[in-house]
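What follows is a single structure, written as structure tokens, with notes after it.
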Amino acid sequence: MIITISRQLGSGGRSASRIIAEHYGINVYDKKLIELAAQESGLHRQFFEQADEKVSRSFRSFLFGSRSASGHGTATGAGSPLSGDALFKVQSDVIRDIAQREPSCIILGRCADYILRDVPGLISIFITADLDDRVRRYAKHDKISDAEAQSLIEKGDARRASYYNYYTQRKWGDAAHYDLCINSSRLGIEGTAEQIIRFVESLSAAQERNS
Amino acid sequence: MTGKAVPTELGTEKISKLLAKYAIPSIVAMIASSIYNIVDSAYIGHGIGPMALSGLAPTFPLMNISAAFGAMVGVGASTMISVRLGQKDYRSAQQILGNAFVMNILVGVVLAVVTLSFLDPILLFFGASENTLSYAREYMVWILLGNVFTHLYFGFNAILRSAGHPDKAMKATILTVVLNCILDPLFIFPWGLNMGIRGAAIATILSQCVSLTWQMRILTNKNELLHLHRGIYRLEGRIVREILSIGISPCLMNLAACTVVIFINRALLSYGDDYAVGAFSVIHKVSFVFVTLVMGLNQGMQPIAGYNYGAERYDRVIRVLKLTILWATVAMTLGFVVCEFMPRYAALVFTTDEQMLREIVRGMRINAYIFPLIGSQMVIGNFFQAIAKPWKAIFLSLSRQFLFLIPFLLWFPTFWKPALDGVWFSMPASDLVSCITGFILLAVQLKKFRKLINQ
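For the record, the sequence lines run as chains A and B.
First residue of the first sequence? That's 315 in this note's numbering, and the numbers climb one at a time after it.
First residue of the second sequence? That's 170 in this note's numbering, and the numbers climb one at a time after it.
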């Protein structure tokens, strides 16, 4: 079973996914995807890090089009391999590869729920949390003030949303796209992970009954 | 579209082989468009006369403005479609196709209506005079009546390229050019339909319509992964916004280029006469032949330089840069030789009128002084684009045709004797300054590469 987990910044999605992975003894793919994409393409990881879960939305790129530099309009259609679009394609190929190789794993973010939408039995989860909790967790983790944490969270979520919306034509966090949306402020991170595991169990039980 | 996003051969294959493989298709496409550019004017110049050539001059910036808005939709839509097809998301790709279709029609109609309502003042502002206005108007009215088809034709071509049919897009381009070459004389000359300059416009639109019909046949074929069908034409705010936000920057760059031509036309008209304006449009077309060769080379260089930079193979980055600069210099030196040593022959393609010939020869010689250096300047600009340094790329691209040219254009005629020569000289002067700027930026970058290589 492949589980994709999208999460708001500071919602504890990563910790929850680690608990789930430990429970099943499977891998979590997060930053590791960048390493794999770099290996696969031969490009340095720095370019994937720069493009990681963000679409350039600055005034400069609006005006001067670092995005339209991807070269789709040219005669050969061969554009810059360093454009966000090309890097996204590399990363999504890596994600599809993993899904094929590993029958069970967890993939965090990076539009994986969309990229793997045709994989049978895919379980997609979205984790949220109350803003206060997210700010507190983020501030503690990065040792910064609450105000700083809040502004970083807001910017980071906006970046993730526009990345997701640009590459998928869906809306990030729209409940319609996920099998389960859960607020980690209610049950805590461990409780949330347990709840997700229970959900997965019920799903496989239902599948067994059907087959 | 199922291939690898980044072909790893870019990091291993021989540089010269790669450059040939990636640049030659682009160069062929570019040559087709510059042939079209020349043929239209050549028939008009010979069939109607030198004043008709001057009448064409103010129509080019206007047509280019229209094309800039067309490219905004075309580039935006094809970029998005390509991303969706890369994910095998055919439903979304269809929707974008449908939205782009409607947007092309809307933009085409709105532009045509707006420009048709203010056509005379626009043409006068863009460099027409009382002597040439009637030609400019007669040509432009028909071009604008067919504006929607022009937009759809170019829009579909961009989409075909990103939908895995670059060969068909290329065939459509060649078909249009060949048809136009055949239809032009038939419509213009007295032995044919004798429609004069209007005939040239109608022939252009007709050729595009024929290609458009063929494109529509491909894009309505239900076996195509991407095809037009019911239910995709409703404009969606998200798609429209995304298309525009991607397409706005190429649009602005094109608009900057049009603005410069307007400035030049006006300067030539106020310090010279209609002949000077007509001469510039001829010179522009002749230079464009060589410039497009460099643009084709650049398109071929981009993926190679970009990949090897990303893979930290700086030795290969430098090698592809050097090879592209070499070929670009060859192309522009060829242009230099034509413009300096046989300008009369080049001018005879467009006209036999003695006064016009004299004007063209003079301008062409001055304009081409720095040509052998310009090739490398253009390559350097695109090189920065390829290695993801868009700031420098944009600066270099604007510097030659905008940032330096406009001040020189306004300043030189105030002290130059005769003033008209000041206008002509502003062009090589701006070329020279922007070449120096390019070389400095490149030298700094090369130093960085050497350091990285030695590490």
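Glycine included, C-beta positions come from ideal geometry on N, C-alpha and C.
- For Ser394 of chain A, the neighbours in chain B by C-beta distance under 8 Å run, in chain order, Gln471, Pro472, Gly475, Gln554, Ala555, Ala557.
- At a cut-off of 7 Å between C-beta atoms, Gly423 of chain A does not count as an interface residue with respect to chain B.
- Contact of His491 of chain A with chain B by beta-carbon distance below 8 Å is absent, the smallest such distance being about 13 Å.
- Contact annotation: Met470 of chain B and Val489 of chain B have beta-carbon atoms nearer than 7 Å.
- Excluding its 5 nearest sequence neighbours in each direction, Glu508 of chain A has no C-beta neighbour in its own chain below 7 Å.
- In its chain, beyond the 5 residues on either side, Tyr478, Tyr481, Thr482 have a beta carbon closer than 6 Å to the beta carbon of Cys425 of chain A.
- DSSP places Ser202 of chain B within a helical segment (H, G or I) once states are collapsed to three.
- Where Leu494 of chain A is concerned, the enclosing beta strand (DSSP E) starts and stops at 494 to 497.
- For the pair Ile510 of chain A and Asp366 of chain A, the Cα-to-Cα distance works out to about 26 Å.
- Rounded to the nearest whole angstrom, the CA to CA distance from Ile374 of chain B to Leu293 of chain B is 24 Å.
- Straight-line spacing of the CA atoms in Pro230 of chain B and Trp585 of chain B works out to 27 Å.
- For Ser320 of chain A, the uninterrupted beta strand (DSSP E) segment begins and ends at 316 to 321.
- Taking the CA atoms as reference points, Ile503 of chain A sits about 53 Å from Ile274 of chain B.
- According to the DSSP assignment, Thr493 of chain B belongs to no beta strand (DSSP E) but to the alpha helix (DSSP H) extending over 483 to 510.
- C-alpha of Ala562 of chain B to C-alpha of Tyr259 of chain B: approximately 34 Å in a straight line.
- Any Cβ of chain A closer than 7 Å to the Cβ of Ala269 of chain B would place that residue at the interface, and such an atom is absent.
- The segment 358 to 368 of chain B makes no contact with the segment 377 to 386 of chain B: fewer than 3 CB pairs, one atom from each, lie closer than 8 Å.
- Residue state for Ile417 of chain B is assigned as helix, using DSSP reduced to three classes.
- If only uninterrupted beta strand (DSSP E) runs of at least 3 residues are considered, those enclosed by the segment 430 to 517 of chain A are 437 to 442, 494 to 497.
- Not a single CB atom of chain A sits nearer than 7 Å to the CB of Ser380 of chain B.
- Inter-residue distance for Thr301 of chain B and Ala226 of chain B is about 9 Å (C-alpha atoms, whole angstroms).
- Along the segment 346 to 368 of chain A, the positions whose C-beta sits under 7 Å from a C-beta of chain B are Ser355, Gly356, Leu357, His358, Phe361, read in chain order.
- The three-state reading of DSSP puts Ile217 of chain B in coil, since its state is none of H, G, I, E or B.
- Each residue's CA atom was taken as its position, placing Arg431 of chain A and Lys391 of chain B some 24 Å apart.
- Contact between the segment 403 to 411 of chain B and the segment 342 to 354 of chain B is not established, with fewer than three Cβ pairs separated by less than 8 Å.
- With fewer than 16 other Cβ atoms from the protein chains shown falling within 10 Å of its own Cβ, Pro587 of chain B counts as exposed.
- Below the 7 Å Cβ cutoff, chain B contributes Gln256 as neighbours of Ser406 of chain A, in chain order.
- Out of B:Gln468, B:Leu578, B:Leu610, B:Val430, the CA that lies nearest to the CA of Trp560 of chain B is found in B:Leu610.
- Residues of chain B with a Cβ closer than 9 Å to the Cβ of Asp399 of chain A are, in chain order, Ala174, Thr248, Ser251, Val252, Gly255.
- Taking all protein chains shown into account, Leu350 of chain A has 16 or more neighbouring C-beta atoms within 10 Å of its C-beta and is therefore buried.
- Rounded to the nearest angstrom, the gap between the Cα atoms of Phe356 of chain B and Tyr205 of chain B is 16 Å.
- Residues of chain A whose Cβ lies closer than 9 Å to the Cβ of Glu481 of chain B are, in chain order, Leu357, His358.
- At a cut-off of 7 Å between beta carbons, Gln414 of chain A makes no contact with chain B.
- Just so you know, the alpha carbons of Gln554 of chain B and Ser568 of chain B end up roughly 15 Å apart.
- For Leu362 of chain B, the CB contacts under 7 Å within the same chain, skipping 5 residues up- and downstream, are Leu355, Phe356, Gly368 in chain order.
- Assigned with DSSP and collapsed to three states, Leu422 of chain A falls in strand.
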